[in-house]
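Sequential numbering of the sequence shown, starting at 76, is according to the numbering used here.
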Amino acid sequence: MIDGATSDPYATDDLRNLEPVHEHDGEATVGLWTRRLVIFLRVMAGVSLLKGLYHWSRICGIGVTDDDLYVTHAIAWKTATVFFAVIDLVAAVGLWLAAAWGAVIWLTAVASMLAVQLFFPQVFGRGLFSIAFEGAVLAVYLILALKAAREQPV
Numbered sequence: 076m077i078d079g080a081t082s083d084p085y086a087t088d089d090l091r092n093l094e095p096v097h098e099h100d101g102e103a104t105v106g107l108w109t110r111r112l113v114i115f116l117r118v119m120a121g122v123s124l125l126k127g128l129y130h131w132s133r134i135c136g137i138g139v140t141d142d143d144l145y146v147t148h149a150i151a152w153k154t155a156t157v158f159f160a161v162i163d164l165v166a167a168v169g170l171w172l173a174a175a176w177g178a179v180i181w182l183t184a185v186a187s188m189l190a191v192q193l194f195f196p197q198v199f200g201r202g203l204f205s206i207a208f209e210g211a212v213l214a215v216y217l218i219l220a221l222k223a224a225r226e227q228p229v
């Protein structure tokens, strides 16, 4: 071997002169409304997590009386409770990740809860607070999503 540089066929001057990678080089900046949307999605992830755990506690009989156990309810209540127990937890994961599928699952859960409470009050009852809350968070999401979409370059 004559020297290390001539014996390595892949070593070139370009490789020796590489500069270190800088963390924020080449990243697109995120707009104010996009950051607000992500924060909102993370808050809604926490709310969805709590809602999902609440439904699972009803299924498992945690914090309920003997006459309010899962087995004593109608099939419509059981079906809706299991549906929301699963979909709320899946939505929570997707929202926390700020993934597009998370927002779709969450929107499905919100629309489903609104439909059940408005059109089928015999299942969970017609909770005016729940209807107002679900409607309000849906409106906030739509406003934030539209404003964040306007920030994106075409």
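Yeah, the Cβ is synthetic: ideal placement off N, Cα and C, and Gly gets one too.
### Beta-carbon proximity check, Gly136 vs Tyr145, cutoff 8 angstroms
Taking the first residue of the sequence shown as position 1, residue 136 is located at position 61. Taking the first residue of the sequence shown as position 1, residue 145 is located at position 70. Their beta carbons are under 8 angstroms apart, which means Gly136 touches Tyr145 by this criterion.
### Message
Quick check on DSSP: helix, strand or coil for Arg201?
### Response
Indexing the sequence shown from 1 puts residue 201 at position 126. Note: Arg201 maps to coil in three-state DSSP.
### Task
Go ahead and label Val118 buried or exposed: buried means 16 or more other beta carbons lie within 10 angstroms of its beta carbon, across all protein chains shown.
One-based indexing of the sequence shown puts residue 118 at position 43. The residue in question, Val118, is exposed, as its Cβ has fewer than 16 Cβ neighbours within 10 Å.
### Task
Alpha carbon to alpha carbon, how far is Phe194 from Phe71? Give it in angstroms, no decimals.
This structure gives no information on residue 71, because the portion of the chain shown stretches from 76 to 229.
### Cβ shell of Thr109 (< 7 angstroms), same chain only, five flanking positions each side left out
In the sequence shown, residue 109 corresponds to position 34, counting from 1. Result list for Thr109: Ala223 and Glu226, in chain order.
### Message
Taking its Cβ as the centre, do 16 or more other Cβ atoms sit within 10 Å of Val185, making it buried, or is it exposed?
### Response
For the purposes of this step, residue 185 is identified with residue 110 of the sequence shown, where counting begins at 1. Per the 10 Å Cβ criterion, buried.
### Cβ separation of Ile162 and Thr183, assumed to be a contact under 8 angstroms, to the nearest whole Å
Locating residue 162 in the sequence shown gives position 87, counting from the first residue. Locating residue 183 in the sequence shown gives position 108, counting from the first residue. Yes, Ile162 and Thr183 are in contact; Cβ-Cβ is about 7 angstroms, under 8 angstroms.
### Message
Taking the beta carbon of Val191 as the centre, do at least 16 other beta carbons fall within 10 Å, making it buried, or is it exposed?
### Response
Residue 191 sits at position 116 when you count from the first residue of the sequence shown. Buried, since its Cβ has 16 or more Cβ neighbours within 10 Å.
### Query
Starting from Val185 and walking both ways along the alpha helix (DSSP H), at which residues does that stretch end?
Sequence index remark: in the sequence shown, residue 185 carries index 110 (1-based). Here the alpha helix (DSSP H) through Val185 covers Ala175 to Phe194.
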